[in-house]
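J.: Below is a structure I'd like to ask you about.
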Amino acid sequence: MSTIRLTMAQAVARFLTAQKTEIDGRILPLFGGVWAIFGHGNVAGMGEALHGVRDQLPTYRAHNEQGMAHAAIAFAKASRRRRMMACTTSIGPGATNMVTAAAVAHVNRLPVLLLPGDVFANRRPDPVLQQIESFADGTISANDCFRPVSRYFDRITRPEQIIPALQRAMTVLTDPAECGPATLALCQDTQAEAYDYPESFFAEKIWTQRRIRPDETELAQAADFIRKAKKPFIVAGGGVLYSGAESALADFAQKHGLPVGETQAGKSSLPHDHPANLGAIGVTGTGAANAFAEDADVVIAVGTRLQDFTTGSWSLFKNPKRRIVGLNVQAFDATKHSAAPLVADARVGLEELSHALGAWTAPEEQTAKAHDEKARWFDAAARYTNPTNAELPSDAQVIGAVQRASSPTDVVVCAAGGLPGELHKHWKASAALGYHMEYGYSCMGYEIAGGLGVKMADPSREVIVMVGDGSYLMMNSELATSVMLGHKLIVVLLDNRGYGCINRLQRATGGESFNNLLQHTNHVTLPEIDFAAHAAGLGAQSIKVKGIGELEDALKKARGADRSTVIVIDTDPLASTEAGGHWWDVAVPEVSVREQVNKARRDYETALATQRVGD
1 MSTIRLTMAQ AVARFLTAQK TEIDGRILPL FGGVWAIFGH GNVAGMGEAL HGVRDQLPTY
61 RAHNEQGMAH AAIAFAKASR RRRMMACTTS IGPGATNMVT AAAVAHVNRL PVLLLPGDVF
121 ANRRPDPVLQ QIESFADGTI SANDCFRPVS RYFDRITRPE QIIPALQRAM TVLTDPAECG
181 PATLALCQDT QAEAYDYPES FFAEKIWTQR RIRPDETELA QAADFIRKAK KPFIVAGGGV
241 LYSGAESALA DFAQKHGLPV GETQAGKSSL PHDHPANLGA IGVTGTGAAN AFAEDADVVI
301 AVGTRLQDFT TGSWSLFKNP KRRIVGLNVQ AFDATKHSAA PLVADARVGL EELSHALGAW
361 TAPEEQTAKA HDEKARWFDA AARYTNPTNA ELPSDAQVIG AVQRASSPTD VVVCAAGGLP
421 GELHKHWKAS AALGYHMEYG YSCMGYEIAG GLGVKMADPS REVIVMVGDG SYLMMNSELA
481 TSVMLGHKLI VVLLDNRGYG CINRLQRATG GESFNNLLQH TNHVTLPEID FAAHAAGLGA
541 QSIKVKGIGE LEDALKKARG ADRSTVIVID TDPLASTEAG GHWWDVAVPE VSVREQVNKA
601 RRDYETALAT QRVGD
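In structure tokens form, the structure reads like this:
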């Protein structure tokens, strides 16, 4: 057996360069690069190793470990999980800064390889700088925080352990059902230790997309449920896009006359103007999609994990006789809500389910109703997104302006707060992957870093990041990275002077405005934050606009800019779209001295009665 003597870190770097993927007949590197912030826990080991392969595996420097991991996650999502990135940090705060991002990847079923530095395996310098010491367990380090938010976790204490560990990590990263973050905690002394690795370990490996076909019994049962349906309805989740099943979904819906609602992750599965597409579903859904969801007797849940925003906290699907068919590559998700599972890849599952249904179509009145409900919704939505001369426009009015200035191939990126709800209702996605929302973990600060990852995955598309002032203040450093790397973003920063979304939720549940908007905080002086000046200080072009007209002009100029542009606009913190939507379970205090809270509790208890617990 031929061997090559390498340090463990060198073996990791060389292994990653050998991993390839096949996309549309092209062989590409599986790993689009490595994000690295070096410290004493990885600079001598991983740093030297990555320098040695920099021509085959580029290393990118970020400004925040959480931010760089967000960029890697967004890259994987925009690549339909067919390509990914790795992230390496030092021991200590560098490592734990990535834990939040690991949770984002875990919830959203997205692949990212995390390579944090760790303590010395030999324990000679014990404790080493930044080491967390457990009084009861000498084997614990800060990296154990990654265990609950990783699909696979290992700590490498000997150089030869990286052989099975990397192979197991790759299995998780590329598996459509188990996909998620893999963490290999690399003890810093072990990174520098040499071993005679078999050359076969570094042979080129081409990973192709596994497409699981449905079980015959599950397929027959699903087809039987659908044939008997009078009011069937499809819920399209992120699995449709990960599978590349948009055409299969469009063909299935059109052939069998089925209306479709899209989750946050599934939005852009169909073009907004496709006759079957009724838009967003659930708590932030359109009136059209929710009307069908409430009445459906069979819900075909394709590639969705049916989280509470999709199901209206288990109260949206109101038909007492309704059944759910769970078409999902992961059995865990396919069986939720007592669903009849159809465990399969979304594209293959839809194709085979269509074949099993033959010429069957839903009742014609469903198609007519879908047309009417969609037209009614578009009329209602236009009232919220049309141009305005208001001094403080609403989020929806800003979205309308961005939409009018956009191109069908643009990608809009957002994450937490009120904007995702407004975008889910109002954004008209024309092309697949044109709507990129992190709403599984709803992580504030994802937006700009995520936009950078999307741009790196597909530089040909204009990337528009929409972010609130609260999220911007939490994490904005990768704006400088976008300038440094030459990946232009258009950032629309909506300043409502605080956490407007949670303030609205606080008031909706009977509470007083408290500690969310800046004016309602404990303060001596209200900050006058110049976001445009700050963005300019990070190297971006920037402008503060007044009103929708100036915003549209600025957006047109930003499209022609040679680097990232930040457009700041003041917005109304209280206004939101009342049309559409659905109840969401947010627990209200059972006892209060305030009548507003007591009334909200009574309304809450009434709404609880609509939940179908366990069903």
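Letter by letter, the sequence shown follows residues 1 to 615 of full-length UniProt numbering. Each residue gets a CB set at the ideal place from its N, CA and C atoms; glycine is no exception. Keep in mind the model is a prediction, meaning the values are calculated, not measured.
(1) Quick check on Gln519 - is its C-beta less than 9 Å from some C-beta in chain D?
(2) Counting pairs of Cβ atoms below 8 Å between the region 291-304 and the region 198-210, do you hit three or more?
(3) Spell out the partners DSSP gives Met466 in its beta bridges.
(4) Confirm, please, whether the CB-CB distance from Ile543 to Ala532 is below 9 Å.
(5) Could you spell out the range, first to last residue, of the alpha helix (DSSP H) harbouring Phe292?
(6) Taking all protein chains shown into account, do 16 or more other C-beta atoms lie within 10 angstroms of the C-beta of Arg82, making it buried, or fewer, making it exposed?
(7) With Cys501 as the anchor, note down where its alpha helix (DSSP H) starts and where it stops.
(8) Count the other C-beta atoms from every protein chain shown that fall within 10 angstroms of the C-beta of Lys428, then say buried if there are 16 or more, exposed otherwise.
(9) Which complete alpha helix (DSSP H) runs does the region 587-611 hold, if anything under 4 residues is left out?
(10) Near Ala561, what residues of its chain come up, given a Cβ to Cβ distance below 6 Å and the 5 sequence neighbours on each side ignored?
(11) Taking the straight line between their C-alpha atoms, what separation do you get for Gly45 and Arg124?
(12) Tell me which residues share the same chain as Gly539 and place their Cβ nearer than 6 Å to its Cβ, disregarding the 5 neighbours each side in the sequence.
(13) To the nearest angstrom, how far is it from the Cα of Gly451 to the Cα of Val491?
(14) Tell me the DSSP secondary structure of Asn328 in three-state form.
(15) Taking Val343 as the reference, which of Val411, Leu551, Asp215 has the closest Cα?
(16) So, using beta-carbon positions, are Leu278 and Ala289 closer together than 9 Å?
(17) Can you give the beta carbon distance from Ser576 to Ser394, rounded, assuming they're within the 8 Å contact cut?
(18) Decide yes or no for the touch test of the region 450-470 against the region 492-503: beta carbon pairs closer than 8 Å, at least 3 of them.
(19) For His523, count the other beta carbons within 10 Å of its own beta carbon; 16 or more makes it buried, fewer makes it exposed. Which is it?
(20) Helix or strand or just coil, what does DSSP make of Ala334?
(21) Just tell me which of Pro589, Lys336, Glu552 has its CA closest to the CA of Gln397.
(22) Could you check the C-alpha separation between Tyr152 and His51 for me, to the nearest Å?
(23) Measure the Cβ-Cβ separation of Ala177 and Leu249 and say whether it is below 9 Å.
(24) Taking the alpha-carbon positions, what's the Ala101 to Ala69 distance?
(25) Output needed for Ala405: all residues of its chain with C-beta closer than 7 Å, excluding positions within five of it in sequence on either side, in chain order.
(26) Look at the alpha carbon of residue 653 and the alpha carbon of Gly266, and state the distance between them as a whole number of angstroms.
(27) Give the DSSP-derived three-state secondary structure of Arg26 in the structure shown.
(28) If you scan the region 42-99 from start to end, which runs of the beta strand (DSSP E) of 3 or more residues do you find wholly inside it?
(29) With distance defined between alpha-carbon atoms, name the residue in Ala185, Ala222, Phe252, Val260 nearest to Gly237.
(30) Can you tell me which of the three DSSP states Asp154 falls into?
(31) Taking the CB atoms as reference points, tell me whether Gly285 and Lys425 lie closer together than 9 Å.
(32) What number of angstroms, rounded off, separates the C-alpha of Thr190 from the C-alpha of Thr21?
(33) Which residues share a DSSP beta bridge with Val112?
(34) Using DSSP's beta-bridge definition, name the partner residues of Asp118.
(35) Do Val411 and Tyr435 have their beta-carbon atoms positioned less than 9 Å apart in this structure?
(36) For a quick check, are the C-beta atoms of Ala11 and Tyr195 less than 9 Å apart?
T.: This is what the structure gives:
(1) Annotation note: the requested chain D is absent from the structure, which comprises a single protein chain.
(2) In this structure the region 291-304 does not touch the region 198-210; the number of beta carbon pairs closer than 8 Å is below three.
(3) As DSSP reads the structure, Met466 sits in a beta bridge with Val492.
(4) Inclusion of Ala532 and Ile543 in the CB contact set at 9 Å is warranted, their separation being smaller than that value.
(5) Phe292 -> alpha helix (DSSP H) spans 287-295.
(6) The Cβ neighbour count for Arg82, taken over all protein chains shown within 10 Å, is at least 16; the residue is labelled buried.
(7) Where Cys501 is concerned, the enclosing alpha helix (DSSP H) stretches over 500-508.
(8) Flag for Lys428 reads buried.
(9) Fully enclosed alpha helix (DSSP H) runs of 4 or longer: 595-608.
(10) Same-chain partners within the cutoff: Gln541.
(11) Between Gly45 and Arg124, the C-alpha separation is close to 17 Å.
(12) Answer for Gly539: Ala480, Val483, listed in chain order.
(13) Taken atom to atom, the span from the alpha-carbon of Gly451 to that of Val491 is near 9 Å.
(14) The three-state reading of DSSP puts Asn328 in strand, counting E and B together.
(15) Comparing Cα-Cα distances from Val343 to each of Val411, Leu551, Asp215, the minimum goes to Asp215.
(16) Taking the C-beta atoms as reference points, Ala289 is found nearer than 9 Å to Leu278.
(17) Taking C-beta atoms under 8 Å as the contact rule, Ser576 and Ser394 qualify, at a distance of about 7 Å.
(18) By the Cβ rule, the region 450-470 counts as touching the region 492-503, because three or more pairs are nearer than 8 Å.
(19) That one is exposed.
(20) If DSSP states are grouped into helix, strand and coil, Ala334 belongs with the helices.
(21) The option with the nearest alpha carbon to Gln397 is Glu552.
(22) Across the structure, Tyr152 and His51 are spaced so that their CA atoms are roughly 27 Å apart.
(23) In this structure, Leu249 does not lie closer than 9 Å to Ala177 by Cβ.
(24) Spanning the two alpha carbons is a distance of roughly 6 Å.
(25) Excluding residues within five positions, the ones whose Cβ falls inside 7 Å are Glu552, Leu555, Lys556.
(26) What is shown of the chain runs 1 to 615, which leaves residue 653 out entirely.
(27) Correct three-state label for Arg26: strand.
(28) Given a length threshold of 3 residues, each whole run of the beta strand (DSSP E) inside the region 42-99 is given here in chain order: 59-61, 84-89.
(29) The residue with the shortest Cα to Cα distance from Gly237 is Val260.
(30) In the structure shown, Asp154 falls within a strand segment according to DSSP collapsed to helix, strand and coil.
(31) Judged by their CB atoms, Gly285 and Lys425 are nearer to each other than the 9 Å cut-off.
(32) The alpha-carbon atoms of Thr190 and Thr21 are separated by roughly 29 Å.
(33) DSSP output for Val112 lists Pro181 as bridge partner(s).
(34) Paired residues: Cys187.
(35) When the beta-carbon positions are compared, Tyr435 and Val411 come within less than 9 Å of each other.
(36) Yes, they are a contact pair.
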